[in-house]
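The structure appears right after this line, and notes come after that.
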Amino acid sequence: MRSTTPRLTAVALLAVSGAVMAPAATSAALTPTSARATTAAAVPADLTLVRTRQSLLGSHTWYVQTYRGIPVVGGYYAVHTAKGKASVDDGRLVVTGLATTSPRITKALATGKTTAHGKAVSSRLVVVPGAAGAKATLAWEVATDQDKKVLVDADKGSVTKVTDERVYADGQGKVFDPNPVVALQNESLTDGDNADSAVPASVYKTVTLSNLKGNGFLQGAFATVGNKKNGKAPAAYSANNVFAYTRSDTRFEQVNAYYAVDRVQTYIQGLGFSNVNNEAQELLVNTVTVDNSFYSPNKDTITLGTGGVDDGEDQEVVWHEYGHAVQDDQVPGFGKSNDGGAIGEAFGDYLAATMSQGNSSDTAVTPWACVMDWDSVSYTSSTPHCIRRLDTTKTVADRTGEVHDDGEIWSHALWDINKAFGRDKATKIILEAQFSYSPTTTWAAAAQTTVDTAAALGTAADAAVVRAAFAARGIL
Ligand SMILES: [Ca+2]
Ligand SMILES: [Ca+2]
Ligand SMILES: [Ca+2]
Ligand SMILES: [Ca+2]
Ligand SMILES: [Zn+2]
Numbered sequence: 101m102r103s104t105t106p107r108l109t110a111v112a113l114l115a116v117s118g119a120v121m122a123p124a125a126t127s128a129a130l131t132p133t134s135a136r137a138t139t140a141a142a143v144p145a146d147l148t149l150v151r152t153r154q155s156l157l158g159s160h161t162w163y164v165q166t167y168r169g170i171p172v173v174g175g176y177y178a179v180h181t182a183k184g185k186a187s188v189d190d191g192r193l194v195v196t197g198l199a200t201t202s203p204r205i206t207k208a209l210a211t212g213k214t215t216a217h218g219k220a221v222s223s224r225l226v227v228v229p230g231a232a233g234a235k236a237t238l239a240w241e242v243a244t245d246q247d248k249k250v251l252v253d254a255d256k257g258s259v260t261k262v263t264d265e266r267v268y269a270d271g272q273g274k275v276f277d278p279n280p281v282v283a284l285q286n287e288s289l290t291d292g293d294n295a296d297s298a299v300p301a302s303v304y305k306t307v308t309l310s311n312l313k314g315n316g317f318l319q320g321a322f323a324t325v326g327n328k329k330n331g332k333a334p335a336a337y338s339a340n341n342v343f344a345y346t347r348s349d350t351r352f353e354q355v356n357a358y359y360a361v362d363r364v365q366t367y368i369q370g371l372g373f374s375n376v377n378n379e380a381q382e383l384l385v386n387t388v389t390v391d392n393s394f395y396s397p398n399k400d401t402i403t404l405g406t407g408g409v410d411d412g413e414d415q416e417v418v419w420h421e422y423g424h425a426v427q428d429d430q431v432p433g434f435g436k437s438n439d440g441g442a443i444g445e446a447f448g449d450y451l452a453a454t455m456s457q458g459n460s461s462d463t464a465v466t467p468w469a470c471v472m473d474w475d476s477v478s479y480t481s482s483t484p485h486c487i488r489r490l491d492t493t494k495t496v497a498d499r500t501g502e503v504h505d506d507g508e509i510w511s512h513a514l515w516d517i518n519k520a521f522g523r524d525k526a527t528k529i530i531l532e533a534q535f536s537y538s539p540t541t542t543w544a545a546a547a548q549t550t551v552d553t554a555a556a557l558g559t560a561a562d563a564a565v566v567r568a569a570f571a572a573r574g575i576l
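Heads up, the sequence shown stops at 576 in this note's numbering, and the numbers go up one at a time, no gaps.
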C-alpha cells in the first residue's frame with residue numbers, strides 16, 4: 101500500500117515527527133485513556149485516534165488520517181514507544197484537488213439494502229486519495245454482511261472498488277482429477293461397492309485446497325460443504341486443514357466436491373467474470389442414497405448422491421450440477437421452459453467437459469466429449485462409459501421433449517464453438533450470453549443472443565462461427 105500511494109513530502113514528515121515524539125513517549129505509556137487524549141492533541145491535527153496497545157517494551161498508538169474530519173482511505177499514523185523512546189510511522193497520504201466535502205450523492209446505500217456484494221450493514225463517507233498526485237475523490241464506504249467493503253463514488257454513484265475483508269487459507273486434500281477412468285485411461289474400472297481396492301492408489305492426487313476459511317471445515321470463498329458435523333455423512337474436519345481420505349471414507353467426496361467447485365469458480369473468474377455465482381456455493385455431499393445429484397434453486401444447494409459410484413467421486417458430476425447453479429445465479433428462475441431446461445442440462449455437460457479439457461487429454465479411450473466417465477460405469481454397458489456426449493449426430497429433428505436427451509443437441513453446438521475458438525474464448529462467449537437469456541427462452545432466441553454476444557465481444561466472423569454451430573444442429 102505504501103509504496104504505490106503518494107506520501108507526504110519528506111519536509112512535512114520531518115516537521116511532524118519532530119513535534120510529536122517527546123510528549124507521546126511519556127504520557128501514552130504511563131497514563132490511562134483520559135490522559136491519552138492529551139497525547140492525541142500533540143500529534144498532527146488531521147488524525148483520529150483508533151486505539152493504543154501495550155506491548156512488552158512499550159505502547160503503540162494508531163490513528164487514522166482525516167481530511168476536514170472525514171477519514172482518508174489508507175491514511176494512517178502511528179506512534180510507537182519502546183523503553184521510553186518514541187518513533188513515528190507516518191502513513192498519511194496526499195489529498196489534493198477536493199473542491200468540497202459535501203457529497204453530491206448524500207447516501208450511498210441504505211443499511212439493509214442488498215447489493216451484488218451482500219447486504220449493506222453500514223456506510224460512511226470517506227476521502228479517497230488520488231494515485232500519484234491525482235485528484236482525491238469522495239466516496240461512500242459500504243460494509244456488507246459478506247465481509248466485503250464496497251467503495252461507491254459519492255459524486256457519480258458508481259462502484260469503484262470492492263475489497264474482500266476475509267482472510268483465506270490453503271489446505272491440502274486427496275482427490276480424483278477429474279475421475280479414475282480418465283486418469284487411468286481404463287474403461288473397465290468398476291465401483292466395487294465403494295471399496296478402496298477398486299481404484300489403485302496411484303489415481304489419488306494430492307492437491308492444494310484454496311480459499312478455505314481456515315476454520316478446519318471445508319468452507320471457503322467459493323464452496324462450502326454444508327454437511328452437519330454429526331450427521332449421517334459428517335462434515336470433514338481437520339484442525340490443520342489437511343483432508344486426506346480414500347474413497348471408502350464418506351469424507352472423500354466432500355474434498356473432491358470442494359476442490360471441483362473451487363477450481364471452476366477460479367476458472368470463471370480467470371475469464372474476467374467477477375459476478376457469476378461468486379459466492380460460497382453450498383454442497384451437501386452423500387446426504388442422499390439415490391444414484392442422482394441435483395441443484396435446488398430454492399435452497400441454492402447442490403446435493404450429491406451415493407447411488408452406484410458415489411457422484412462426488414466424479415468431478416464431472418459436480419461441475420454439471422455447478423452449471424445449474426451458475427445459470428440460476430445469472431438468470432433467476434432459469435430453465436422453466438422445456439427449451440430452457442435442455443439448455444440447463446447442456447450447459448452443465450459443457451462445463452464438465454471443458455473443465456476436464458483444462459486438465460486432461462482428449463484420447464480415443466476417454467474423449468473430452470464424453471461426460472461423467474466414472475459415475476456412468478455403473479449404469480452404462482458400452483464403452484466409453486458416458487452419461488451423455490457433446491458430439492452426437494442429433495439435431496432438432498431428434499427432440500424427444502426430455503431435457504437431458506434434448507440437451508445433447510444444444511451441448512453439441514456449444515462444443516463446436518469450443519472447438520472453433522478454444523475453451524477460454526468459447527466459455528467466455530457462452531457465459532456472457534447466458535446473462536441475457538430469458539427464463540422462459542426458446543432455443544432460437546437463446547442461440548441468437550449467443551450469436552449477438554459473440555459479435556459484441558469479438559467480430560462478425562466470430563458471430564458467423566457461432567451461428568454455424570447452431571445451424572448445424574437445426575437450431576438457427
Ligand atoms: Ca466413495
Ligand atoms: Ca449459488
Ligand atoms: Ca452415482
Ligand atoms: Ca469426461
Ligand atoms: Zn442436470
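Note that the Cβ used here is the ideal one computed from N, Cα and C, for glycine as well.
**OP:** Kindly indicate which three-state DSSP category N311 falls into: helix, strand or coil?
**Re:** Strand at N311.
**OP:** Quick one: residues in its chain with C-beta nearer than 7 Å to the C-beta of V195, no 5 flanking neighbours on either side, listed in chain order?
**Re:** Around V195: Y167, V172, V227, P229 and A236.
Original post:
Going by DSSP, which residues form a beta bridge with Q50?
Top reply: A question about residue 50 goes unanswered here, because the residues of the chain that appear run from 101 up to 576.
Original post:
How would you write the range of the alpha helix (DSSP H) that F394 sits in, first residue to last?
Top reply: Under the DSSP assignment, F394 falls outside any alpha helix (DSSP H), being part of the beta strand (DSSP E) whose first and last residues are S393 to S396.
Original post:
Can we count E265 as close to ligand 1, meaning its CB is less than 8 Å from some heavy atom?
Top reply: No, the Cβ of E265 stays beyond 8 Å of every heavy atom of ligand 1.
**OP:** Determine which residues share a DSSP beta bridge with W474 and list them.
**Re:** Under DSSP, W474 takes part in no beta bridge, so it has no partner.
Original post:
If you count every other CB in all the chains shown that lies within 10 Å of the CB of S288, and 16 or more means buried, which is it?
Top reply: Per the 10 Å Cβ criterion, exposed.
Original post:
With which residues is S222 paired in a DSSP beta bridge?
Top reply: Residue pairing by DSSP puts S222 in a beta bridge opposite A243.
Original post:
Is DSSP giving G408 helix, strand or coil here?
Top reply: In the three-state reduction of the DSSP assignment, G408 falls in the coil class.
Subject >> Close beta carbons around D253, own chain, < 7 Å, minus the five adjacent residues each side >> reply: For D253, where only same-chain residues beyond five positions count, the Cβ hits under 7 Å are T237, A239 and T260.
Original post:
How about the segment 552-560 and the segment 506-516: do they share at least three Cβ pairs that are nearer than 8 Å?
Top reply: Under the Cβ criterion (8 Å, minimum of three pairs), the segment 552-560 does not count as touching the segment 506-516.
**OP:** Measure the Cβ-Cβ separation of G218 and K248 and say whether it is below 9 Å.
**Re:** Yes, these two residues count as a Cβ contact at 9 Å.
Original post:
Which whole-angstrom value describes the C-beta separation of L490 and A520, a residue pair presumed to lie in contact below a C-beta threshold of 8 Å?
Top reply: L490 to A520, Cβ: 14 Å. No contact.
Original post:
Just how far apart, CA to CA, sit L318 and L557?
Top reply: Rounded to whole angstroms, L318 to L557 spans 37 Å at the Cα level.
Original post:
CB of A357 to nearest heavy atom of ligand 2: below 8 Å?
Top reply: Look at A357: its beta carbon is at least 8 Å from all of the heavy atoms in ligand 2.
Original post:
With distances taken between CB atoms, is the gap from D439 to W543 smaller than 9 Å?
Top reply: For D439 and W543, yes; Cβs fall inside 9 Å.
Original post:
Just the Cα atoms here: how many angstroms apart are Q369 and E379?
Top reply: About 12 Å.
**OP:** Give me the Cα-Cα distance between L149 and Q365, rounded to the nearest whole angstrom.
**Re:** Taking the straight line from one Cα to the other gives about 40 Å.
Original post:
Can you give the Cα-Cα distance for D362 and T200, rounded to whole angstroms?
Top reply: Distance between the alpha carbons of D362 and T200: 45 Å.
Subject >> Given G233 as reference, the closest of G197, S393, V342 and V275 once Cα atoms are compared >> reply: Of G197, S393, V342 and V275, the smallest CA-CA separation from G233 is found for G197.
**OP:** Using 8 Å as the cut-off, classify the Cβ of D411 as near or not near the heavy atoms of ligand 4, replying yes or no.
**Re:** The answer is no for D411.
Original post:
Would you say N518 and Q457 are within 9 Å of each other, going by their C-beta atoms?
Top reply: Result yes, Cβ atoms of N518 and Q457 sit closer than 9 Å.
Original post:
At which residues does the alpha helix (DSSP H) containing H504 begin and terminate?
Top reply: Counting along the chain, the alpha helix (DSSP H) containing H504 begins and ends at V503 to F521.
**OP:** Flag E379 as yes when its Cβ comes closer than 8 Å to any non-hydrogen atom of ligand 2, and as no otherwise.
**Re:** Checking the Cβ of E379 against ligand 2 gives yes.
**OP:** Alpha carbon to alpha carbon, how far is I402 from A563? Give it in angstroms, no decimals.
**Re:** The alpha-carbon atoms of A563 and I402 are separated by roughly 34 Å.
Original post:
Do A452 and V417 have their C-beta atoms within less than 9 Å of each other?
Top reply: Result yes, Cβ atoms of A452 and V417 sit closer than 9 Å.
Subject >> Outcome for A560 when other beta-carbon atoms lying within 10 angstroms are tallied against a minimum of 16 >> reply: Per the 10 Å Cβ criterion, exposed.
Subject >> Cβ neighbours of K528 in the same chain (closer than 6 Å, five flanking residues each side left out) >> reply: Cβ contact annotation for K528 (same chain, cutoff 6 Å, sequence separation greater than five): L371, in chain order.
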